[in-house]
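Student: For what it's worth, this note's numbering labels the leading residue of the sequence shown as -4, then goes sequentially.
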Amino acid sequence: MAAQFNGLLPSGNVYGGVSYGQLTDVINKQSYRGWNASFEDIPFTRFPRLGLVVDGSGFYRSNGLRQYNIVGGPRLSANIGKIRPFVHAMAGIRHVRSTDTFVYNPLVIDVGGGLDYKVFFKNFSWRVQGDYMHTHYASNTQNDYRASTGLVWRF
């Protein structure tokens, strides 16, 4: 895989964008808007389609409710011309806080995928991503969905 060291294949990427979430607040399903960012490293030259990802997101509502997620795990991708489809499975923690000091931090499991489209600027792509996020808190199962889009810098 000498091509990766010659700069033909990227060794990782950084993503930042906007996000929309259909999230459950223990009982009520609500819509949130926020941000999503990730860092992906492709450390294995023998497996250029396998990357390790750290992903963070924040969601906000006008009533003062804030939700943050930090997850990490493997991502599998392929390069097909100008597009790079990918799937990932990650786990981490969710932090939910409201103005009345209600706080909880359940484990979150994130399974999703998307695609990067190489734009005409060198080393940049546009990403569209969707995720299913599962948590369990106070005897309730929470099934949440997140859609994100934004700019990717490949290095």
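Idealized CB from N, CA, C, for every residue including glycine.
Please read these numbers as outputs of a predicted model, since none were measured by experiment.
Out of Gly53, Pro5 and Asn64, which has the shortest C-alpha to C-alpha gap to Leu45?
Tutor: Measuring from the Cα of Leu45, the nearest candidate turns out to be Pro5.
Student: In chain order, what residues of the same chain have a beta carbon less than 6 Å from the beta carbon of Leu3, not counting five sequence neighbours either side?
Tutor: Because the pLDDT of Leu3 is 49, which lies under 50, any placement of that residue in the model is unreliable, and the number read from its coordinates should be weighed accordingly. Once the five neighbours on either side are set aside, Leu3 has no close Cβ partner at all.
Student: Name, in chain order, the residues that DSSP records as bridge partners for Gln144.
Tutor: For the record, residue 144 in the displayed sequence is Thr; it is not Gln. Beta-bridge pairing links Thr144 to Val13 and Val123.
Student: Could you check what DSSP says for Asp95 in three-state terms: helix, strand or coil?
Tutor: Correct three-state label for Asp95: coil.
Student: For Lys77, write down the residues that DSSP places opposite it in a beta bridge.
Tutor: None, per the DSSP bridge assignment.
Student: Can you give the Cα-Cα distance for Val103 and Lys113, rounded to whole angstroms?
Tutor: Using only the alpha carbons, I get a separation of about 30 Å.
Student: So the beta strand (DSSP E) Phe34 belongs to, where does it begin and stop?
Tutor: Asn23 to Asp36 is the span of the beta strand (DSSP E), which, as asked, contains Phe34.
Student: Which of the three DSSP states, helix, strand or coil, is assigned to Asn8?
Tutor: Note: Asn8 maps to strand in three-state DSSP.
Student: On a CA-only basis, which of Ala73, Glu35 and Gly108 is nearest Ile82? Give me that one, please.
Tutor: Per the sequence shown, residue 82 should be read as Val rather than Ile. Cα-wise, what sits closest to Val82 is Gly108.
Student: Cβ atoms of Ser143 and Ser151: under 9 Å apart, would you say?
Tutor: What the structure shows of the chain is the stretch from -4 to 150, and residue 151 is not part of that stretch, so it cannot be assessed.
Student: Identify which residue in Ser33, Asn58, Lys24 and Leu146 has its Cα closest to the Cα of Phe97.
Tutor: Out of Ser33, Asn58, Lys24 and Leu146, Asn58 has the C-alpha closest to the C-alpha of Phe97.
Student: So if DSSP puts Ala84 in a beta bridge, which residue, or which two residues, is it bridged to?
Tutor: Val106, per the DSSP bridge assignment.
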